[in-house]
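If you count by the working numbering, then the sequence shown holds residues 79 to 351, one letter each, in order.
In what follows, a structure is listed as C-alpha coordinates, so that the remarks can point back to it.
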Amino acid sequence: MEKVLTVVLGGGRGERLFPLTRERAKPAVPFGAKYRLVDIPISNAINSGFRQIYILTQFNSTSLHNHIANTYIFDSFSRGFVEILAAEQTFERSNWYSGTADAVRQNFIHLRPQVPTHYLILSGDQLYRMDFKDFFVKHLKRSADISVAVTPISHEKAQGLGILKIDTEGRVVKFLEKPAPGEDISEMKIPDTQPSQIRDRRKKQEYLASMGIYIFNAQIMEEALDNELEDFGKHIIPASIERYSVNSYIFPGFWEDIGTIKSFYKANIDLCS
(Lines of atoms letter the chains of each structure in order from A and count residues from 1; the text may use other names and numbers.)
(Lines give C-alpha, C1' and ligand atoms only; values in the text may rest on other atoms or scores of the structure.)
Protein backbone atom coordinates (compact mmCIF):
# COMPACT_ATOMS: atom_id res chain seq x y z
CA MET A 1 0.00 0.00 0.00
CA GLU A 2 1.29 3.45 -0.95
CA LYS A 3 2.02 5.86 1.87
CA VAL A 4 2.86 9.46 1.02
CA LEU A 5 4.60 11.64 3.58
CA THR A 6 4.35 15.37 2.90
CA VAL A 7 7.27 17.61 3.81
CA VAL A 8 6.85 21.39 3.68
CA LEU A 9 10.06 23.39 3.56
CA GLY A 10 9.60 26.35 5.89
CA GLY A 11 13.05 27.34 7.09
CA GLY A 12 14.08 30.10 4.70
CA ARG A 13 15.17 33.57 5.83
CA GLY A 14 12.99 35.35 3.28
CA GLU A 15 15.47 38.20 2.86
CA ARG A 16 13.73 39.53 -0.26
CA LEU A 17 10.51 39.90 1.75
CA PHE A 18 12.16 42.00 4.46
CA PRO A 19 10.85 43.81 6.55
CA LEU A 20 7.85 41.44 6.55
CA THR A 21 10.22 38.71 7.69
CA ARG A 22 11.96 40.78 10.37
CA GLU A 23 10.32 38.78 13.17
CA ARG A 24 8.85 35.77 11.41
CA ALA A 25 9.73 33.07 8.89
CA LYS A 26 8.58 33.67 5.33
CA PRO A 27 5.91 30.91 5.45
CA ALA A 28 4.42 32.64 8.52
CA VAL A 29 3.87 35.96 6.73
CA PRO A 30 0.12 36.83 6.79
CA PHE A 31 -1.63 36.53 3.45
CA GLY A 32 -5.19 37.16 2.28
CA ALA A 33 -6.22 38.87 5.54
CA LYS A 34 -6.47 35.82 7.83
CA TYR A 35 -4.11 33.19 6.42
CA ARG A 36 -0.38 32.53 6.41
CA LEU A 37 1.63 31.56 3.34
CA VAL A 38 2.22 28.10 4.80
CA ASP A 39 -1.55 27.45 4.79
CA ILE A 40 -1.46 27.14 1.01
CA PRO A 41 0.68 23.98 0.70
CA ILE A 42 -0.89 22.48 3.83
CA SER A 43 -4.47 22.98 2.59
CA ASN A 44 -3.56 21.65 -0.86
CA ALA A 45 -2.10 18.52 0.73
CA ILE A 46 -5.04 17.93 3.09
CA ASN A 47 -7.62 18.50 0.34
CA SER A 48 -5.71 16.03 -1.85
CA GLY A 49 -5.98 13.35 0.84
CA PHE A 50 -2.36 13.62 2.05
CA ARG A 51 -2.87 14.22 5.76
CA GLN A 52 0.51 13.27 7.25
CA ILE A 53 2.51 16.46 7.04
CA TYR A 54 5.79 17.67 8.52
CA ILE A 55 6.86 21.33 8.46
CA LEU A 56 10.64 21.86 8.55
CA THR A 57 11.52 25.13 10.28
CA GLN A 58 14.65 27.00 11.23
CA PHE A 59 14.71 30.80 11.01
CA ASN A 60 12.46 33.08 13.12
CA SER A 61 10.13 30.13 13.59
CA THR A 62 8.16 30.99 16.77
CA SER A 63 5.26 32.64 14.94
CA LEU A 64 5.09 29.73 12.50
CA HIS A 65 5.12 27.18 15.33
CA ASN A 66 2.29 28.97 17.12
CA HIS A 67 0.18 29.17 13.98
CA ILE A 68 0.58 25.47 13.16
CA ALA A 69 -0.16 24.39 16.74
CA ASN A 70 -3.32 26.50 16.96
CA THR A 71 -4.68 25.83 13.47
CA TYR A 72 -4.18 22.19 12.51
CA ILE A 73 -5.76 19.99 15.16
CA PHE A 74 -6.90 16.53 14.06
CA ASP A 75 -9.28 14.39 16.08
CA SER A 76 -7.86 11.52 18.10
CA PHE A 77 -9.26 8.91 15.69
CA SER A 78 -7.51 10.37 12.66
CA ARG A 79 -4.15 9.22 11.38
CA GLY A 80 -3.50 12.70 10.07
CA PHE A 81 -1.15 15.23 11.61
CA VAL A 82 0.66 18.46 10.89
CA GLU A 83 3.84 18.53 12.96
CA ILE A 84 6.80 20.87 13.26
CA LEU A 85 10.34 19.58 12.87
CA ALA A 86 12.65 22.38 13.99
CA ALA A 87 16.36 22.48 13.24
CA GLU A 88 18.19 20.78 16.09
CA GLN A 89 21.64 19.83 17.26
CA THR A 90 22.44 16.14 17.65
CA PHE A 91 25.56 14.11 18.41
CA GLU A 92 25.94 13.51 14.68
CA ARG A 93 25.25 17.05 13.41
CA SER A 94 25.33 20.48 15.00
CA ASN A 95 24.89 22.73 11.96
CA TRP A 96 21.94 24.70 10.65
CA TYR A 97 20.25 23.50 7.48
CA SER A 98 22.46 24.52 4.57
CA GLY A 99 19.70 24.14 1.97
CA THR A 100 16.38 22.48 1.19
CA ALA A 101 17.86 19.04 0.55
CA ASP A 102 20.03 19.25 3.65
CA ALA A 103 16.93 20.07 5.72
CA VAL A 104 15.28 16.82 4.63
CA ARG A 105 18.52 14.87 5.06
CA GLN A 106 18.93 16.04 8.65
CA ASN A 107 15.36 14.98 9.45
CA PHE A 108 15.49 11.45 8.05
CA ILE A 109 15.76 10.27 11.66
CA HIS A 110 12.20 11.55 12.19
CA LEU A 111 10.81 10.71 8.74
CA ARG A 112 11.95 7.10 8.41
CA PRO A 113 9.85 5.74 11.33
CA GLN A 114 6.71 6.63 9.34
CA VAL A 115 7.87 4.09 6.71
CA PRO A 116 6.67 6.10 3.69
CA THR A 117 6.72 4.73 0.16
CA HIS A 118 6.90 8.25 -1.27
CA TYR A 119 7.75 11.79 -0.23
CA LEU A 120 5.86 14.86 -1.44
CA ILE A 121 8.16 17.88 -1.10
CA LEU A 122 6.52 21.33 -1.02
CA SER A 123 7.67 24.91 -0.69
CA GLY A 124 6.15 27.04 2.06
CA ASP A 125 5.91 30.31 0.13
CA GLN A 126 3.92 29.83 -3.09
CA LEU A 127 0.37 30.60 -4.21
CA TYR A 128 -1.52 27.94 -6.19
CA ARG A 129 -4.24 25.31 -5.98
CA MET A 130 -3.24 21.83 -7.11
CA ASP A 131 -4.65 18.34 -6.86
CA PHE A 132 -1.64 16.44 -5.55
CA LYS A 133 -3.54 13.19 -5.93
CA ASP A 134 -3.55 13.61 -9.72
CA PHE A 135 0.15 14.47 -9.55
CA PHE A 136 0.80 11.29 -7.57
CA VAL A 137 -1.31 9.05 -9.84
CA LYS A 138 0.62 10.23 -12.89
CA HIS A 139 3.89 9.64 -11.04
CA LEU A 140 2.87 6.02 -10.47
CA LYS A 141 1.55 5.49 -14.00
CA ARG A 142 4.82 6.64 -15.51
CA SER A 143 6.85 4.45 -13.13
CA ALA A 144 8.91 7.54 -12.32
CA ASP A 145 11.59 7.69 -9.65
CA ILE A 146 11.14 11.43 -9.26
CA SER A 147 8.43 13.75 -10.57
CA VAL A 148 8.76 17.53 -10.83
CA ALA A 149 5.75 19.84 -11.07
CA VAL A 150 6.34 22.44 -13.77
CA THR A 151 4.42 25.45 -15.07
CA PRO A 152 4.56 27.24 -18.46
CA ILE A 153 6.33 30.61 -18.35
CA SER A 154 7.52 33.33 -20.71
CA HIS A 155 11.13 34.00 -21.69
CA GLU A 156 11.15 37.09 -19.46
CA LYS A 157 10.27 35.11 -16.32
CA ALA A 158 12.75 32.33 -17.09
CA GLN A 159 15.69 34.34 -15.76
CA GLY A 160 14.43 34.15 -12.19
CA LEU A 161 13.48 30.47 -12.15
CA GLY A 162 14.86 27.02 -12.80
CA ILE A 163 13.78 25.87 -16.26
CA LEU A 164 13.58 22.34 -17.62
CA LYS A 165 13.82 20.68 -20.99
CA ILE A 166 11.58 17.66 -21.52
CA ASP A 167 11.41 15.05 -24.26
CA THR A 168 8.30 13.96 -26.15
CA GLU A 169 7.36 11.60 -23.29
CA GLY A 170 7.57 14.29 -20.63
CA ARG A 171 10.85 13.05 -19.18
CA VAL A 172 13.19 15.74 -17.89
CA VAL A 173 16.41 15.69 -19.90
CA LYS A 174 18.02 18.99 -18.88
CA PHE A 175 17.77 21.50 -16.05
CA LEU A 176 19.02 25.09 -16.09
CA GLU A 177 18.96 27.12 -12.88
CA LYS A 178 18.18 30.83 -13.38
CA PRO A 179 19.73 31.49 -16.81
CA ALA A 180 21.79 34.65 -17.13
CA PRO A 181 20.40 37.70 -18.97
CA GLY A 182 21.01 37.32 -22.68
CA GLU A 183 21.83 33.61 -22.42
CA ASP A 184 20.55 31.54 -25.33
CA ILE A 185 17.96 29.15 -23.90
CA SER A 186 16.08 28.36 -27.11
CA GLU A 187 16.88 24.66 -26.79
CA MET A 188 14.84 24.59 -23.57
CA LYS A 189 11.55 25.47 -25.30
CA ILE A 190 8.49 23.27 -24.79
CA PRO A 191 8.39 20.55 -27.50
CA ASP A 192 5.85 21.01 -30.29
CA THR A 193 4.38 17.64 -29.32
CA GLN A 194 2.88 19.16 -26.16
CA PRO A 195 -0.77 20.33 -26.31
CA SER A 196 -1.24 23.81 -27.75
CA GLN A 197 -2.97 25.03 -24.57
CA ILE A 198 0.28 24.34 -22.72
CA ARG A 199 2.58 25.83 -25.36
CA ASP A 200 0.57 29.05 -25.57
CA ARG A 201 2.26 31.09 -28.27
CA ARG A 202 -0.07 34.02 -27.73
CA LYS A 203 1.15 34.48 -24.19
CA LYS A 204 4.68 33.50 -25.21
CA GLN A 205 4.74 30.79 -22.56
CA GLU A 206 7.31 28.69 -24.36
CA TYR A 207 9.30 27.38 -21.41
CA LEU A 208 8.69 25.19 -18.37
CA ALA A 209 9.73 26.30 -14.89
CA SER A 210 10.14 24.08 -11.87
CA MET A 211 7.56 24.88 -9.19
CA GLY A 212 9.74 23.45 -6.43
CA ILE A 213 7.17 20.69 -5.91
CA TYR A 214 8.49 17.13 -6.10
CA ILE A 215 7.48 13.52 -5.56
CA PHE A 216 10.27 11.09 -4.70
CA ASN A 217 10.08 7.34 -4.29
CA ALA A 218 11.30 6.87 -0.73
CA GLN A 219 14.29 4.70 -1.62
CA ILE A 220 15.31 7.09 -4.38
CA MET A 221 15.15 9.98 -1.91
CA GLU A 222 17.54 8.13 0.40
CA GLU A 223 19.96 7.51 -2.47
CA ALA A 224 19.71 11.00 -3.95
CA LEU A 225 20.46 12.60 -0.58
CA ASP A 226 23.30 10.24 0.36
CA ASN A 227 25.85 13.01 -0.18
CA GLU A 228 26.54 16.60 0.86
CA LEU A 229 24.49 18.30 -1.88
CA GLU A 230 22.49 21.11 -0.32
CA ASP A 231 19.54 22.13 -2.48
CA PHE A 232 16.86 20.28 -4.46
CA GLY A 233 16.60 22.77 -7.31
CA LYS A 234 20.27 23.66 -7.64
CA HIS A 235 21.83 20.28 -6.98
CA ILE A 236 19.62 17.22 -6.43
CA ILE A 237 17.34 17.45 -9.47
CA PRO A 238 20.13 18.28 -11.98
CA ALA A 239 22.27 15.46 -10.57
CA SER A 240 19.35 13.00 -10.74
CA ILE A 241 18.48 13.50 -14.41
CA GLU A 242 21.18 11.12 -15.67
CA ARG A 243 20.81 8.67 -12.80
CA TYR A 244 17.04 8.27 -12.39
CA SER A 245 13.76 8.50 -14.27
CA VAL A 246 12.79 12.14 -13.65
CA ASN A 247 9.40 13.04 -15.09
CA SER A 248 7.53 16.31 -15.44
CA TYR A 249 3.98 17.08 -14.38
CA ILE A 250 2.73 20.10 -16.31
CA PHE A 251 0.47 22.30 -14.20
CA PRO A 252 -1.42 24.85 -16.36
CA GLY A 253 -3.19 26.63 -13.49
CA PHE A 254 -2.27 29.79 -11.60
CA TRP A 255 1.01 29.67 -9.70
CA GLU A 256 3.02 32.46 -8.12
CA ASP A 257 6.27 32.34 -6.20
CA ILE A 258 5.87 34.79 -3.30
CA GLY A 259 9.54 35.67 -3.10
CA THR A 260 9.60 39.47 -3.21
CA ILE A 261 7.63 42.42 -1.86
CA LYS A 262 6.42 43.11 -5.41
CA SER A 263 5.11 39.57 -5.98
CA PHE A 264 3.58 39.51 -2.48
CA TYR A 265 1.73 42.78 -3.12
CA LYS A 266 0.56 41.67 -6.57
CA ALA A 267 -0.71 38.32 -5.25
CA ASN A 268 -2.75 40.06 -2.54
CA ILE A 269 -4.23 42.52 -5.03
CA ASP A 270 -5.06 39.70 -7.48
CA LEU A 271 -6.79 37.84 -4.65
CA CYS A 272 -9.09 40.82 -4.09
CA SER A 273 -9.98 41.31 -7.75
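Ideal Cβ positions, reconstructed from N, Cα and C, are used throughout, including at glycine.
A quick note: this is a predicted structure, and the numbers were derived from the prediction, not measured.
Residue 344 and residue 151 have their C-alpha atoms roughly 31 angstroms apart. For residue 349, same chain residues with a beta-carbon under 6 angstroms away, outside a window of 5 residues either side, are 110 in chain order. A contact is defined here as three or more CB-CB pairs under 8 angstroms, and the region 280-293 fails this definition with respect to the region 187-195. At the C-beta level, residue 237 and residue 259 come within 8 angstroms of one another. The beta carbon of residue 188 is closer than 6 angstroms to those of 163 in its chain, skipping five residues each way along the sequence. By the Cβ-count criterion, residue 304 is exposed, with fewer than 16 other Cβ atoms from all chains shown falling within 10 Å of its own Cβ. For the pair residue 198 and residue 96, the CB atoms are not nearer than the 8 angstroms cut-off.
The beta carbon of residue 183 lies closer than 6 angstroms to those of 303 in the same chain, with the five residues before and after it left out.
Under DSSP, residue 87 shares a beta bridge with 134 and 201.
Fully enclosed alpha helix (DSSP H) runs of no fewer than 4 residues occupy 233-236 of the region 225-297, in order along the chain. Burial check for residue 86: the Cβ neighbour count within 10 Å reaches 16 or more, so the residue is buried. Your pair residue 326 and residue 250 checks out as a contact, with CB atoms roughly 6 angstroms apart and the cut at 8 angstroms.
Assignment of beta-bridge partners to residue 328 by DSSP yields 228. Listed as beta-bridge partners of residue 333 by DSSP are 206. For residue 189, the enclosing alpha helix (DSSP H) covers residues 186-189. With distances taken between CA atoms, residue 308 lies nearest to 178 out of 178, 204 and 316. DSSP, read as helix, strand or coil, puts residue 152 in coil.
Taking C-alpha positions only, residue 114 is separated from residue 226 by approximately 25 angstroms.
Residue pairing by DSSP places residue 160 opposite 131 in a beta bridge. Contact annotation, residue 253 with residue 289: C-beta distance approximately 13 angstroms; criterion of less than 8 angstroms not satisfied. Judged by DSSP in its simplified three-state form, residue 113 adopts strand. For residue 206, the CB contacts under 8 angstroms within the same chain, skipping 5 residues up- and downstream, are 118, 122, 289, 329, 331, 332, 333 and 334 in chain order. In this structure, DSSP gives residue 119 a helical state, which the three-state scheme calls helix. Cβ neighbours of residue 336 within its own chain (closer than 7 angstroms, five residues either side excluded): 115, 203, 204, 205, 342 and 345. Going by DSSP, residue 341 is part of the alpha helix (DSSP H) stretching over 339-350. Excluding five sequence positions before and after residue 224, the CB atoms of its chain that fall closer than 8 angstroms to its own CB belong to 292, 293, 294, 295, 298, 302, 315, 318, 322, 323, 324 and 325, given in chain order. The beta carbon of residue 157 is closer than 8 angstroms to those of 129 and 130 in its chain, skipping five residues each way along the sequence. If you draw a straight line from the Cα of residue 212 to the Cα of residue 146, it is about 26 angstroms long.
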